[in-house]
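Everything on this sheet refers to the single structure shown next.
2 protein chains.
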Amino acid sequence: MPVFLSTQDADFEARFRALLGAKREDSPDVDDIVAGIIADVRARGDRAVLELTTRFDRLELTAETLRFSDAEIAAQCARVPEDERRALEQAAERIRAYHVRQMPADDMWTDPEGATLGWRWTAVAAAGLYVPGGLASYPSSVLMNAIPAKVAGVERLAICCPTPDGVVNPLVLLAARLSGVDEIYRIGGAQAIAALAYGTETIAPVDKITGPGNAFVAAAKRRVFGKVGIDMIAGPSEILVIADGDNDPDWIALDLMSQAEHDESAQSLLITTDTGFGQAVTEAVGTRLETLERRAIAGASWRDFGAVITVRDLDEAAALSNRIAPEHLELCVADPEALADKCTHAGAIFLGQWTPEAIGDYVGGPNHVLPTARSARFSSGLNVLDFLKRTTLSKMTPEALRAIGPAAEVLARSESLEAHGLSVTARLDRLNRD
Amino acid sequence: MPVFLSTQDADFEARFRALLGAKREDSPDVDDIVAGIIADVRARGDRAVLELTTRFDRLELTAETLRFSDAEIAAQCARVPEDERRALEQAAERIRAYHVRQMPADDMWTDPEGATLGWRWTAVAAAGLYVPGGLASYPSSVLMNAIPAKVAGVERLAICCPTPDGVVNPLVLLAARLSGVDEIYRIGGAQAIAALAYGTETIAPVDKITGPGNAFVAAAKRRVFGKVGIDMIAGPSEILVIADGDNDPDWIALDLMSQAEHDESAQSLLITTDTGFGQAVTEAVGTRLETLERRAIAGASWRDFGAVITVRDLDEAAALSNRIAPEHLELCVADPEALADKCTHAGAIFLGQWTPEAIGDYVGGPNHVLPTARSARFSSGLNVLDFLKRTTLSKMTPEALRAIGPAAEVLARSESLEAHGLSVTARLDRLNRD
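For the protein sequence lines, the chains are A and B, in the order given. Position 371, counted from 1, in the first sequence is what the working numbering calls 371; the numbers after and before it change by one each time, with no gaps. Position 121, counted from 1, in the second sequence is what the working numbering calls 555; the numbers after and before it change by one each time, with no gaps.
And the structure:
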């Protein structure tokens, strides 16, 4: 059974803290293995990647077959049923339209001292996207990672997606094609991350790596960070639904289960102003868990990490939500916009009862790669800025240097950095001579 | 002597690669020590911090004196000479004016399907800033870290700055006061990072930690990453100057030395279209190295990591610059804007001979915390976005759900995530019944 709490309980604070602090994931320590794999790929390139693919994916490849050919991609894409193709196209279009609006503007201005200042955004030149193989091979994640990269202007976008025993997911290839991906390699694990970061004879290195993966992939991403940029290391998924009593308990139950079915470590939380409604949702969850295909996973997640919290009012709900900093926050209340204004830490907010979180996973438009494990306190979901970098620009005129150079000389002296000061002094001396 | 290269040399590519790949920093492996310190601070809070401060900084503090009192700060600030105060104020004002322009806008719109979409930026609630003590205690770095945080709207900004043997830098305190810092603690090292990340009885935990530090601080930041956000782990500083023959060799020599004097591992590079000018700069460096206060450091950096590269033309210079992805890039050429357009990977660009890099360190306005070690290929200098996070928003109407819900159902089915699909189906069923 999930935890039932009420802010009116005497021991609420202690129990809420326990819920917040619950360790939901025990990452196996694979760091030594991963360090060995990365060193091997750096030393032996393609040969190491091919041998590791034989070992882990039971698949014999050559340098020539590491990469999917255009013909193979076309053939696989042709296998996708028409309704799935159309759904993927609609999703891609909506995700693109949303992310295009995120493109930031350059700026350049001249200030009263005569200094011209500004910045310029440019795209990362090459990015790599990891796509898990097997059961967790999600075409929607391909769209969510690849489209922002291409919108940002990344010229070369490579995907690594393992195909254990040679099993290919045609939807992943179609999603890649719809997103404009340039290269697709059928390799996975730490060896794929190493190949993307350091390059091999066949795979050119990239500058940034994004995308979800298992413990080996996560450990490899941490290790290559610095050599390349990485996105966040995602933890298990979470949803918090804040609902008043005026909702269909079954809808809310399904929203909670749509996180719980991801993973036994996922967490589904309900905060409600109506104890009876909380009870009704719990019953609806029980009913749905009798028939759901993934009931074993969803049931375990709900049992171990689920919670229903009764609050006095929505202000209390918002305060708790900010302490949770949920990845997904669904606001099923009469005035969701007003409540959203008070919820300052959340990855994505879904407003009102007609916006189930699953819409955001696929076709809403916003990204579904979102900060987990309370990291919405300090980070954002994947977006075009993850594939851009800002270069600052400044240009002094002789007049501007006269106006602000002396302060630089004083501060350089106070920090005992003489050459810093002299580089200004030498120029000011010339101005004073002329 | 620095390395002299020409793109016309037969072995240029190999020697340039060697220059790019030169390992400039040997970080001592302090990870085990740091892990122990963090565990100790988590377990024993203030007591651990106080004992470690006694051990490492030879300073006896109590929970009451960990933090600078307002009276102490005021007394220390009063010691700052008038010219330094004015310089710091001018710098703070210019840095603030620049970063205010970086504040991103929220957005919200309704698309043709009736879906309302958008995003909202909110500030990190609490941030911690590490400021090194002793010789490398730079008031300018306080301004560069603290002002963007306050411009972003961070409510609580805490500084940790060790004061070994009790020696306080009044300029650091004044910089903190000018930046609007809320709390200043006289602690340092891994224990300060642990206290900021996990909190103690006296120090409340923060959500994000920025600022430079030694190997212990860097290792501690890596370790607490995930629990809190961190900024980049900075490596030794770099400058690349691209100059034609129409420059004063002494100015360029001083610009190169203003990086070299930071650190023996710093790197100063000159690319020029004019071999004779390169020679003249080298001679000017030699002359300046005879008298510079920090000649031992600057000389070692120039000797071990400096380079002068002659190119055929500025296009070649831009191509090499993009492979270097320098932290600081100075363009001392007739048309610096045209050259800047071709230099796509750089932390900060300084346009024209009247813009020595040192201006950017202090009073230009742009941030001086910039990506090192080629990471300008995928990351940006510190800016207000580092203290903000974006929450995405979506709201479906029944009509919008009718228009896009079916695609979500199809994709959920294709990914075998039944509850995802059912959360949409249940709502569409109601619409179809009504």
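For every residue, glycine included, the Cβ atom is placed at its ideal position computed from N, Cα and C.
Residues that residue i contacts on chain A, provided the C-beta gap is smaller than 7 angstroms
i, result
"residue 810 of chain B", "389"
"residue 582 of chain B", "Chain A residues near residue 582 of chain B: none, gap ~12 angstroms exceeds 7 angstroms."
"residue 691 of chain B", "419"
"residue 564 of chain B", "Near residue 564 of chain B there are no residues of chain A at all, since even the closest Cβ is about 16 angstroms away, more than 7 angstroms."
"residue 662 of chain B", "378"
As assigned by DSSP and simplified to three states, the class of residue i
i, result
"residue 437 of chain B", "strand"
"residue 185 of chain A", "strand"
"residue 824 of chain B", "strand"
"residue 784 of chain B", "strand"
"residue 511 of chain B", "helix"
"residue 636 of chain B", "coil"
"residue 597 of chain B", "coil"
"residue 591 of chain B", "strand"
"residue 210 of chain A", "strand"
"residue 397 of chain A", "coil"
"residue 287 of chain A", "helix"
"residue 294 of chain A", "coil"
"residue 867 of chain B", "helix"
"residue 501 of chain B", "strand"
"residue 859 of chain B", "helix"
Rounded separation between residue i and residue j - CA only
i, j, result
"residue 782 of chain B", "residue 803 of chain B", "10 angstroms"
"residue 68 of chain A", "residue 125 of chain A", "22 angstroms"
"residue 404 of chain A", "residue 797 of chain B", "7 angstroms"
"residue 286 of chain A", "residue 5 of chain A", "18 angstroms"
"residue 611 of chain B", "residue 644 of chain B", "18 angstroms"
"residue 765 of chain B", "residue 529 of chain B", "22 angstroms"
"residue 109 of chain A", "residue 99 of chain A", "27 angstroms"
"residue 427 of chain A", "residue 115 of chain A", "15 angstroms"
"residue 749 of chain B", "residue 306 of chain A", "60 angstroms"
"residue 147 of chain A", "residue 681 of chain B", "45 angstroms"
"residue 230 of chain A", "residue 130 of chain A", "11 angstroms"
"residue 763 of chain B", "residue 539 of chain B", "29 angstroms"
"residue 418 of chain A", "residue 699 of chain B", "18 angstroms"
"residue 291 of chain A", "residue 284 of chain A", "12 angstroms"
"residue 816 of chain B", "residue 74 of chain A", "43 angstroms"
"residue 661 of chain B", "residue 636 of chain B", "19 angstroms"
"residue 80 of chain A", "residue 309 of chain A", "43 angstroms"
"residue 252 of chain A", "residue 296 of chain A", "19 angstroms"
"residue 770 of chain B", "residue 704 of chain B", "15 angstroms"
"residue 71 of chain A", "residue 195 of chain A", "24 angstroms"
Contact list for residue i against chain B, beta-carbon separation under 9 angstroms
i, result
"residue 356 of chain A", "830, 835, 839, 842, 854, 857, 858, 860 and 861"
"residue 145 of chain A", "Those within 9 angstroms of residue 145 of chain A in chain B number zero; the least Cβ separation is about 15 angstroms."
Contacts of residue i in chain B (Cβ-Cβ under 7 angstroms)
i, result
"residue 306 of chain A", "Within 7 angstroms Cβ-Cβ: nothing; residue 306 of chain A doesn't reach chain B, min ~13 angstroms."
"residue 361 of chain A", "854"
"residue 350 of chain A", "828"
"residue 344 of chain A", "556"
Residue i: contacting residues in chain A (beta-carbon distance under 8 angstroms)
i, result
"residue 727 of chain B", "416 and 418"
"residue 488 of chain B", "By Cβ distance, chain A contributes nothing, its closest Cβ being about 28 angstroms from residue 488 of chain B, past 8 angstroms."
Neighbour list for residue i in chain A, Cβ cutoff strictly below 9 angstroms
i, result
"residue 464 of chain B", "Chain A residues near residue 464 of chain B: none, gap ~17 angstroms exceeds 9 angstroms."
Nearest-angstrom Cβ-Cβ length linking residue i and residue j, presumed shorter than 8 angstroms
i, j, result
"residue 521 of chain B", "residue 577 of chain B", "Going by Cβ atoms, the distance from residue 521 of chain B to residue 577 of chain B rounds to 11 angstroms, so no, they are not a contact pair."
"residue 825 of chain B", "residue 554 of chain B", "5 angstroms"
"residue 735 of chain B", "residue 692 of chain B", "The Cβ separation is near 11 angstroms, so there is no contact."
"residue 585 of chain B", "residue 818 of chain B", "5 angstroms"
"residue 790 of chain B", "residue 689 of chain B", "5 angstroms"
"residue 547 of chain B", "residue 834 of chain B", "5 angstroms"
"residue 486 of chain B", "residue 625 of chain B", "4 angstroms"
"residue 840 of chain B", "residue 649 of chain B", "Not confirmed; about 56 angstroms, so no contact."
"residue 591 of chain B", "residue 567 of chain B", "At roughly 19 angstroms, the Cβ-Cβ gap does not stay under 8 angstroms, so residue 591 of chain B and residue 567 of chain B are not in contact."
"residue 517 of chain B", "residue 410 of chain A", "5 angstroms"
"residue 810 of chain B", "residue 780 of chain B", "5 angstroms"
"residue 785 of chain B", "residue 832 of chain B", "Not really, about 55 angstroms apart at Cβ, beyond 8 angstroms."
"residue 237 of chain A", "residue 274 of chain A", "Not really, about 26 angstroms apart at Cβ, beyond 8 angstroms."
Under 8 angstroms by beta carbon: chain B residues contacting residue i
i, result
"residue 124 of chain A", "811 and 812"
Next item on the list: Can you check the stretch 646-704 of chain B for any alpha helix (DSSP H) of at least 4 residues that lies completely inside it and give the ranges in chain order?
Entry: 649-658 and 683-694
Item checked: Any beta strand (DSSP E) of 3 or more consecutive residues that is wholly inside the stretch 525-573 of chain B -> 541-544, 550-557 and 560-564
Checklist line | In chain order, each beta strand (DSSP E) run of at least 3 residues that lies wholly inside the stretch 300-344 of chain A | finding: 307-310 and 328-332
Notebook entry, point to check: If you scan the stretch 30-58 of chain A from start to end, which runs of the alpha helix (DSSP H) of 4 or more residues do you find wholly inside it?
Noted result: 31-44 and 46-57
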